[in-house]
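In order, the protein sequence lines correspond to chains V and L.
Going by this note's numbering, 60 is the number at position 60 of the first sequence; the sequence numbering is gapless.
Whatever position you read off the second sequence (first residue = 1), add 63 for this note's numbering.
Backbone N, C-alpha and C define an ideal beta-carbon position, used for all residues, glycine too.
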Amino acid sequence: MKNRLKVLRAERDWSQQDLAERLGVSRQSVNAIETGKYDPSLPLAFRIADLFELSIEAIFLRD
Amino acid sequence: MAARHPARRRYRNRTLMGAAAYVATTAVATRFIPDGAPPSAGPIALAIIASAGALVWIWATARFLVEIDDEYVRMLQVRSILVATGVTLGVTNMWGMVELFTTAPRLPVFFVMPIWCLGMVVGSLVSKLTMGDAGESCG
């Protein structure tokens, strides 16, 4: 699944580690989600959406 | 987070503890059970105690899956476990057939655990190659 995580993170000038700490996950998790290797669970997708104050659909895009 | 995560540290400590217990109890069993001992109560009890380290290993793996709060790392670990189980079932079944139909040497059941650990290493390599990240191996 495609997503806008990298763009949203860059807009806030956050590193992958910064975002990982804000979400309470590992940096490798952020990297795997950003590169589309791993689709997060619904609870984690909601945490990401809450952090960026956006809806899930505004971050994760259908293939 | 990956290397410093408390759940991962506990997993490594527990598997090391299991390995130490395994070596110690196996040394005791080797010392006190003579070669070719009959399957009487004493030797059987000592041999079962000697397997306790492997049980600690299995328990540590299960606890790691429960305690790790990072779903991606948990997924990597589950992948490794699935690959390890597949490798173990495949190798033992294949060799079982070889034993059944030929006079090839018997593979002691004892080797199931080391084969599973090797399978965990294979599983980590598979994840590294396909996902770019490896799960934990056997400790």
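Along the alpha helix (DSSP H) that carries residue i, what are the first and last residues, could you check?
i	result
Y38/V	Note, Y38/V: premise wrong, no alpha helix (DSSP H); not H, not E.
P102/L	That residue, P102/L, is in no alpha helix (DSSP H); it is neither H nor E in DSSP.
G24/V	Here G24/V belongs to no alpha helix (DSSP H), and DSSP marks it neither H nor E.
E130/L	A115 to E130
S187/L	V175 to M194
S143/L	E134 to F164
E57/V	I56 to I59
P69/L	P69 to F95
L170/L	Careful: L170/L lies outside any alpha helix (DSSP H) and carries neither H nor E.
E11/V	L5 to E11
With C-beta atoms as the reference, is residue i less than 8 Å away from residue j?
i	j	result
L139/L	M183/L	no
A84/L	V141/L	no
L181/L	V146/L	no
I112/L	T148/L	no
L109/L	F95/L	yes
R77/L	A123/L	yes
I48/V	L23/V	yes
Relative to the C-alpha of residue i, which residue among the options is closest?
i	options	result
L170/L	W158/L, L181/L and C180/L	W158/L
A92/L	M176/L, P106/L and V175/L	P106/L
E130/L	T155/L, A197/L, P69/L and L192/L	P69/L
G36/V	A10/V, L61/V and F46/V	L61/V
W179/L	T166/L, N156/L and I144/L	I144/L
M176/L	V154/L, V189/L and A104/L	V154/L
So residue i packs on residue j, CB below 8 Å; how close in whole Å?
i	j	result
V30/V	A20/V	5 Å
Q17/V	R27/V	5 Å
Y74/L	E199/L	6 Å
M1/V	D63/V	6 Å
D196/L	A32/V	7 Å
In chain B, which residues lie less than 7 Å from residue i when you measure between Cβ atoms?
i	result
M194/L	In the displayed structure, chain B is absent; the protein chains listed are V and L.
Handout entry: Three-pair Cβ contact test at 8 Å for the stretch 34-45 of chain V versus the stretch 125-135 of chain L
Key = yes
Problem - the stretch 102-121 of chain L contacting the stretch 77-92 of chain L, beta-carbon criterion three pairs below 8 Å - result: yes
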